[in-house]
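Below is one structure, written out as structure tokens, with a few remarks after it.
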Amino acid sequence: MKHCLVLSIVCCLLLGTSTTHAQDRLLTQFYNAHRGVALTLKMGIGRLPLRIVRGFIPNEQGEDGVNAKKLFSKIRKMKVYIMQGYDGPIPGSDLTSLKQKLIDKENFDLLMEVRDHGNIVHVLNKGTEENLGNVVLLIQDEKDMIMVHLHTSLRFEDINGLIKEFNKKPKAMASL
484 MKHCLVLSIV CCLLLGTSTT HAQDRLLTQF YNAHRGVALT LKMGIGRLPL
534 RIVRGFIPNE QGEDGVNAKK LFSKIRKMKV YIMQGYDGPI PGSDLTSLKQ
584 KLIDKENFDL LMEVRDHGNI VHVLNKGTEE NLGNVVLLIQ DEKDMIMVHL
634 HTSLRFEDIN GLIKEFNKKP KAMASL
């Protein structure tokens, strides 16, 4: 009985982590497919470096109770993929295909899509009704493409408070 319980716990842990690896696998496959036609850089930032960076963030609370340090502490892991095309931009059809694979195969939800002067930003998440969970940002401009994969425990109310805080600040300070 003890062996059966241990085996079932190990299986649950492996199945729970395999969904996270599937998202990473799709992004890594896309990244590897463009390695020959683009200048590429991949960087993973784990919990320890994120904690070190969090130490430099001031522990100030905004008027609505938004604490940047607290929000940053809810990001557990981050991967950044940067690609710059040698002969021009990476085709937009490739980005659209990646977005569809994330939505269809990995059950991501499209939270937001922003287009501005030829730049496109897609924000996708895979979480519950209250939690953002895993967040993927697909950012493409004229020549560059950046993919950011965040493993978070952020809640939607955290993001809403952050948006309200940015809307209160003057436009010159809000645009980073």
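Just remember that my numbering sits 483 ahead of the position in the sequence shown, which is counted from 1. All C-beta atoms in this analysis are idealised placements derived from N, C-alpha and C, irrespective of residue type, glycine included.
For residue i, which of helix, strand or coil comes out of DSSP?
i: R534; result: helix
i: D641; result: helix
i: I646; result: helix
i: R518; result: coil
i: G527; result: strand
i: K552; result: helix
i: K651; result: helix
i: G575; result: helix
Taking the straight line between their C-alpha atoms, what separation do you get for residue i and residue j?
i: T579; j: L554; result: 30 Å
i: R508; j: I573; result: 19 Å
i: M566; j: D627; result: 6 Å
i: Q512; j: I540; result: 34 Å
i: I603; j: S576; result: 12 Å
i: V618; j: K525; result: 17 Å
i: L633; j: E648; result: 22 Å
i: I646; j: M595; result: 14 Å
Give me, in chain order, the residues of the same chain whose beta-carbon lies closer than 7 Å to that of residue i; leave out the 5 immediate sequence neighbours on both sides.
i: H600; result: none
I think residue i touches residue j, with their Cβ atoms under 8 Å apart; what is that distance to the nearest whole Å?
i: L615; j: T635; result: 5 Å
Within the same chain, show all residues whose beta-carbon is closer than 6 Å to that of residue i, passing over the 5 residues directly before and after it, in chain order.
i: M630; result: L510, Y564 and L621
i: G610; result: G616
i: L522; result: Q567
Between residue i and the rest of its own chain, which residues show a CB-CB distance below 8 Å, the 5 nearest in sequence each way excluded?
i: L497; result: Its pLDDT being 37, under 50, L497 is placed unreliably in this model, and the value from its coordinates should be taken loosely. Hits under 8 Å: none found.
Q) Where in the region 583–623 do unbroken runs of the beta strand (DSSP E), each at least 3 residues long, occur, reported from the N-terminal end onward? A) 592–599, 602–609 and 617–623
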